[in-house]
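Residue 87 is where the sequence shown starts when you use this note's numbering, and the numbers rise one by one after that.
Ideal Cβ placement from N, Cα and C applies to all residues, glycine included.
So the structure is just underneath, and the comments pick up after that.
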Amino acid sequence: MSANTRDSFTSKFGVIAAAAGSAVGLGNIWKFPYEAGQNGGGAFLVIYFFFIITIGLPIMISEFVIGRKTNANAVRAFKKMSPRTPWYFTGVMGVAASFMILSFYGVVAGWTLEYIYMSVTNAFKGQSPEDLSNVFNAFLANPVRPVMWQVLFMILTGIVVIGGIKNGIEKLTKILMPVLLLIIVVMGIRSITLGANVNEAGEVIGHSFDGLKFLFKPDFSKVDINVVLDALGQAFFSLSLGMGTIITYGSYVRKNNNLNKTAVEVAFLDTLIAVLAGVAIFPAVFYFGVAPSEGPGLVFTILPGIFQKMVGGYIWTLAFFTLLAVAALTSSISLLEVAVAYFVEELKMKRVKATIITGSIITVLGVACSLSNNVLKEFTIFGRNIFNSMEFVSSNVLLPLGGMLIAIFVGWFVKRSDFYAELSNENTFKLKFFNAFYAIIKFVAPVAIAIVFLYSVGLLK
Ligand code: PFF
């Protein structure tokens, strides 16, 4: 397919909005807080920052360059840059990861739809944190309801993906991302100012400031290799890296876009929103006296509690869960787009057919993930239920592995001058930090990821 028959993003802000739309999602607002909560807070945050800057950002730039240079889907991109080699397998792995991630992602996105419904019916009103936790657990234990919402969410995702890049993805993200940012800031302020929670007997249940301490004061004594692996996986997951999403989006970026700047802006925005989500959640967690390590239900039980304490709580709750669903949608369309672009361009399928086929397979996998919270609870693989296995294998194994392969590919198999030319828009501007970037891609990123892997499977001690 030639470059000019492919869809492309129309404006600079459109690129940033779409890539940020992919990056910002449940990963920031649902996954980051619960991972941080389970992994000790501040120390996790420091390691996470470290990985975003030293590994995430350079790999994001690499993916953008590969995508724009080749103008192709994640598999074809490798075939074009390195013909007749097995490198395209990196792209195939990415397509597999997109199936796995979207299967559980669609489930959690479905939860946000249930929470929109509950917001509309004002179901949270007057509920204590304990009630809210029971509400969430009862919902998860129901085999039918979460599946219903998940299927609905997948249909929505499919509709936007069929609409194509310009009409669907770009328009939606441009308007709604800034609003989401604003709401999270307001929630953060409310959460921090909750202060001390004193019960009728005069006992202090908790203080919101302890939440800030938890998030920003690193306690490295709790850090082990699993915390490091979680932080690495979370960095990849949150930035949508390691599976060709950014390669695919890069292929829709125009030649005059400064990819460096775009990558820095996207990574900054993504990290900012994750931290702000943490700032909104942890002070309230401590105020309510809930355990920060509560797990995947954390935001669903805590956030409605914060809104109860706000003037106009009804509207805030509704607006927040609606925007969270939209943020999930702009990420899920990027996940589905990886699979669809592959089916359309490699398997020569029509876009509609490709979307229906891939979307249906993912939905079925998702139903299994959803049921693993109730009827299939006992069914485990290496001690993890289906949902957790999908999450672990995709974020902690496939994405870092994909990222490592991309770094090795760019560092050792792509001509340095070719890469430089694409990144500098054919030398129309100078790249100040190129040497540092190159050293990271060639040596630091692959070695660091390999070390984390070898430690975590016990081959290094
Ligand atoms: N980055 C998205 C989030 O944080 O919610 C999730 C995601 C989207 C992961 C696309 C991977 C991906 F390719």
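Taking the C-beta atoms as reference points, Gly452 is found nearer than 7 Å to Gln236. Put simply, the stretch 516-535 does not touch the stretch 168-176. Fewer than three CB pairs are less than 8 Å apart. Assignment of Asn283 by DSSP, reduced to helix, strand and coil, places it in the strand class.
For Gly196, the uninterrupted alpha helix (DSSP H) run begins and ends at 174-206, by DSSP.
By the criterion of a C-beta distance shorter than 7 Å, Tyr134 is surrounded in its chain by Ala317, Gln320, Ala321, once the five residues flanking it on both sides are discounted. Three or more Cβ pairs closer than 8 Å define a contact, and the stretch 505-516 meets that threshold against the stretch 148-160. As a beta-bridge residue in DSSP terms, Gly292 pairs with Asn283. Here the distance from the Cβ of Thr387 to the nearest heavy atom of the ligand PFF is not below 6 Å. Gly180 is a Cβ neighbour of Ala160, given a cutoff of 7 Å. By the rule of a C-beta closer than 6 Å to any heavy atom of the ligand PFF, the residues picked out are Ser108, Ala109, Gly111, Leu112, Gly113, Asn114, Ile187, Phe323, Ser324, Ser326, Met329, Thr331, Ser417, Ser420, Leu421. Cβ neighbours of Phe468 within its own chain (closer than 7 Å, five residues either side excluded): none. Apart from sequence neighbours up to five positions away, the residues of its chain that approach Leu242 with a beta-carbon distance below 8 Å are Leu415, ordered along the chain.
If you look at Ile359, you'll find it in the alpha helix (DSSP H) that goes 345-374.
Here Ala195 is actually not in contact with Asn460; their C-beta atoms are around 18 Å apart, not less than 8 Å. For Asn459, the secondary structure class from DSSP, reduced to helix, strand or coil, is coil. For Arg231, the uninterrupted alpha helix (DSSP H) run begins and ends at 231-249, by DSSP.
Taking the Cα positions, Leu266 is about 19 Å away from Tyr191. A check of alpha carbon separations from Val132 across Val314, Met435, Glu351 identifies Val314 as the nearest. In the structure shown, Asn471 adopts extended strand secondary structure according to DSSP, grouped into three states. Beta-carbon to beta-carbon, Phe323 and Gly488 are separated by about 11 Å, too far to satisfy the 8 Å threshold. Closest by C-alpha distance to Val365, out of Val271, Ala536, Gln213, is Val271. For the 7 Å CB-CB criterion, Gly111 and Ser417 form a contact. For secondary structure counted as the alpha helix (DSSP H) over 4 or more consecutive residues, the stretch 378-429 holds these complete runs in sequence order: 384-394. Judged by beta-carbon spacing, Ser205 lies within the 7 Å limit of Phe407, meaning their Cβ atoms are closer than that value. Here the C-alpha atom of Leu345 lies approximately 51 Å from the C-alpha atom of Val284. Contact check between the stretch 325-341 and the stretch 285-300: fewer than three CB pairs, one atom from each, fall below 8 Å, which does not count as touching. Non-local C-beta neighbours of Lys516 in its own chain, meaning closer than 8 Å and more than five positions away in sequence, comprise Ser510, ordered along the chain.
Assigned with DSSP and collapsed to three states, Thr466 falls in strand.
Leaving aside the five residues that flank Phe478 on each side, the residues in its chain whose CB is nearer than 7 Å to its CB run, in chain order, Arg470.
Taking the Cα of Asn208 as reference, the smallest distance to any Cα among Ile494, Leu545, Trp402 is reached at Trp402.
Here Pro264 is exposed. Its C-beta has fewer than 16 other C-beta atoms within 10 Å. A contact between stretches requires three or more CB pairs, one per stretch, nearer than 8 Å, and the stretch 371-378 meets this requirement with the stretch 286-293. At a Cβ-Cβ threshold of 7 Å, Ile248 and Thr441 count as neighbours. Close CB contacts of Asn474 within its chain, under the 6 Å cut and outside five residues either way in sequence, are absent. In this structure Ile367 is in contact with Ile388, their Cβ atoms being roughly 5 Å apart against a cut-off of 8 Å.
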